[in-house]
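First up is the structure itself, then whatever we jot down about it.
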Amino acid sequence: MHWSDVVAQRLAERGPTHIVSTGITPSGEFHIGHLREILTGDMIAKAARKAGLDVEFVFIVDSADPLRKVYSFLDDSYAQYIGHQLKQIPPPNQDGTPDMDRFAEGVSYADHFLEPFKQALEQIDVRPRFIDNYDSYASGKFSETARIACNNAANIREIIERVSGRELSEGWFPWNPIDANGSIDGIHVTGWNDPIVSWTDSEGNHGTSDVTKGEGKLPWRIDWPAKWAWIGVTMEPFGKDHGAAGGSYDTGKEIVQLFSKDAPVDLTYEWISLRGQGAMSSSSGNTIGPLEALSLVPPEILRYLVASTKPNKAIEFDTGMGLVNLADEFERTTLRDFSIEMQKEGLSRRQLVAIEDAKTALELSLISPHEETASVTFRHLAMLAQTKSRDDDVWRSLNMNEPIAQSMKDRLHRMRTWVQSQHFPEELRITILQQPNPHAIDLLDEDNMTLLPPLIQSLQACDWETASIQAAISNTAKGLEMSPRHAYRALYLCIMGTERGPRLPTILTELEQGEILKLLNACVQAKQES
RNA sequence: GGGCCUGUAGCUCAGUCAGGUAGAGCGUCGGGCUUUUAACCCGAUGGUCGCGGGUUCGAACCCCGUCGGGCCCGCCA
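If you're matching positions, the first sequence starts at 308 in the working numbering and goes up one per residue.
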């Protein structure tokens, strides 16, 4: 059974109605790691609906969280906002300085980072109900839970200290009020008189905070179960950081009982890292944003990456050859006929499960409605995108007639972007040598050498267009009673330094005839001298 | 210190929760397609399932131990 169906089954055992929740703090640039959180939730919601359950999928934007520190992409002037809630501070400009103009127009720090992520979500067909955590506090959604928490401060302290094993400070209180400057750091709670918290801030100011009006927030370990309670969350996937023993899920599980609710069904997922570069981290700049990823890859492929990998498996996102292999695997999967495969006699249980999982992973990956398009592998499209500068030529080569499906146009456009990017693997890059490649010269065999001189002659004599070039190559080989294969190998080695390559005549027509002949002659000479 | 994940073919992984003769894709090699779309088709190659014990008629799978890799437990998914 596919992992999403396993979770759906667990939900079905609990009841017919569910709210699957995900959430992210918009403290910086979103990256594809965050996509795993939301895609995991989205897929579970879909699986649960398939199982006949009534499911809502929500995405909580943790905009009430404070700015923790001045991240590397921020200007030092952000130091004044440390401890301030992300919804209450200005967005950064390109250079990292606060953009007061946009802030005046109502765009907050949180909005700034959330907006592109929302666009990415639309592209990958994830449509949750968004819940803004800051607004939720302000509109009193946390009133009940906050009051209960404050009235049970000792109780909660005991839970956190016992379960997490860490010691809370003397002045700890389950509510972080906002001080005179708007910060929730360095503030001390001095009294609690339901629903008012009294406090003293670092500068010695005194004040009060009404917990039912969102004049502050609950600390994370309480904030989370409080959200479960007021929203009615019954399922939530979360990163392994929260899943560790004694982590926030463990304490939340007990705290939520105080709110007279049960903890949601959990699913801990592993992180996504960039191949060879470790975990993704907004602060180190070691990231690939969802939009950047989507500029290279069709959304189906990103969905497929998550759908076909079990949540507890770490994913290494590889923007090079790994991506090509992933995309080609997806392409092959779309071509499979699962109903025929499953009817096959004598399938072992394992084989059946493998077929079912592949089928489900594919279903979860497709963006609905799925356009029927001709199948083209990534490799092939990569080649066409490099050798044909006009889109029309690509369609002709693929035997596609107008009107071309929009999804195909998108794919080609993405491929062109990818080819131009630093991520495109050298292995697939078509390069034309300027001078003989010594390594390739070594690989030229006797047959190749026999063919080269007459090849050069006929290439010199022929019209420089595809049909003649093609005829020249194969006729030369046949004239010597050899397979054209040898002629092509010789040309690939001389011109591109590889033993094989994409259809040569079309590439040659885009190059200077004289340059090519010069290169070929140089190769023959180099070989003879060696 | 506590905990989680992970180790299976050259590579990426499935199979471990219901023990029953080692799987897939890619790669590599060979052949085909009488023009080579890095395509496509056919075939072959390839693994002491990290290591050591135990349970069992039977273990990649269950139990114990051990070694290696990654990671979490200060609000980074």
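Note that the Cβ used here is the ideal one computed from N, Cα and C, for glycine as well. The model shown is predicted, which means the values in this text are computed figures rather than measured ones.
- Looking at the DSSP output, Lys524 sits in a beta bridge with Asn483.
- Counting every other CB atom within 10 Å of its CB across the protein chains shown gives Val660 a total below 16, marking it as exposed.
- Taking C-beta separations shorter than 7 Å and ignoring five residues to either side along the sequence, the partners of Lys394 in its chain run Ser370, Ala371, Ser415, Ala417 and Tyr441, following chain order.
- Ser781 carries a helical assignment under DSSP once its states are collapsed to helix, strand and coil.
- The criterion of a C-beta distance shorter than 9 Å is satisfied by Gly559 and Ala570.
- Collapsing the DSSP output to three states places Asn500 in a strand.
- For Met722, the number of other beta carbons within 10 angstroms of its own is at least 16, and it is reported as buried.
- Rounded to the nearest angstrom, the Cβ distance from Pro760 to Ala833 is 14 Å, too far for a contact under 8 Å.
- Partner residues in the beta bridge of Trp506, as assigned by DSSP, are Val496 and Gly514.
- Residue range Ser450 to Asn458 is occupied by the alpha helix (DSSP H) that includes Thr452.
- If you ignore the 5 residues before and after Trp527, its C-beta comes within less than 7 Å of the C-beta of Ser555, all in its own chain and listed in chain order.
- Taken through DSSP and simplified to helix, strand or coil, Asp625 comes out as coil.
- Close CB contacts of Lys547 within its chain, under the 8 Å cut and outside five residues either way in sequence, are with Thr575, Tyr576, Glu577 and Trp578 (chain order).
- Cβ-Cβ separation between Ile595 and Leu581: approximately 6 Å, consistent with a contact (criterion under 8 Å).
- Assignment of alpha helix (DSSP H) within the region 645–720, counting only whole runs of 4 or more residues, yields 645–650, 656–672, 685–694 and 698–704 in chain order.
- Going by C-alpha positions, Pro435 is about 21 Å away from Ala319.
- Judged by their CB atoms, Ile491 and Thr507 are not nearer to each other than the 9 Å cut-off.
- Taking C-beta atoms as the reference points, Ile780 and Leu800 fail to come closer than 9 Å.
- Annotated as distal: Leu766 and Ile814, with beta-carbon spacing of 9 Å or more.
- Tyr378 and His419 have their alpha carbons spaced roughly 15 Å apart.
- Take Met789, set aside five residues on each side of it, and the residues of its chain with a beta-carbon closer than 7 Å to its own are Asp754 and Leu758, in chain order.
- Taken through DSSP and simplified to helix, strand or coil, Pro397 comes out as coil.
- Ile538 and Ile463 do not touch by the CB rule: their CB atoms are close to 20 Å apart, not below 8 Å.
- No Cβ-Cβ contact shorter than 9 Å links Arg796 with Arg810.
- Annotation: the continuous beta strand (DSSP E) that includes Ile579 extends over Ile579 to Leu581.
- Pairing Thr684 with Leu705, the inter-Cα distance amounts to about 11 Å.
- Check the Cα spacing between Cys769 and each of Ser334, Pro405 and Pro812: the tightest is with Pro812.
- Closest by C-alpha distance to Pro405, out of Asp557, Asp383, Gly390 and Lys425, is Asp383.
- Under the three-state reduction of DSSP output, Thr332 falls in the coil class, being neither helix nor strand.
- By the neighbour-count criterion, in which 16 or more other beta carbons inside 10 Å mark a residue as buried, Phe337 falls on the buried side.
- Between the region 355–367 and the region 308–317, the count of Cβ pairs shorter than 8 Å is three or higher; the stretches touch.
- A distance below 9 Å separates the beta carbons of Ile367 and Ile331.
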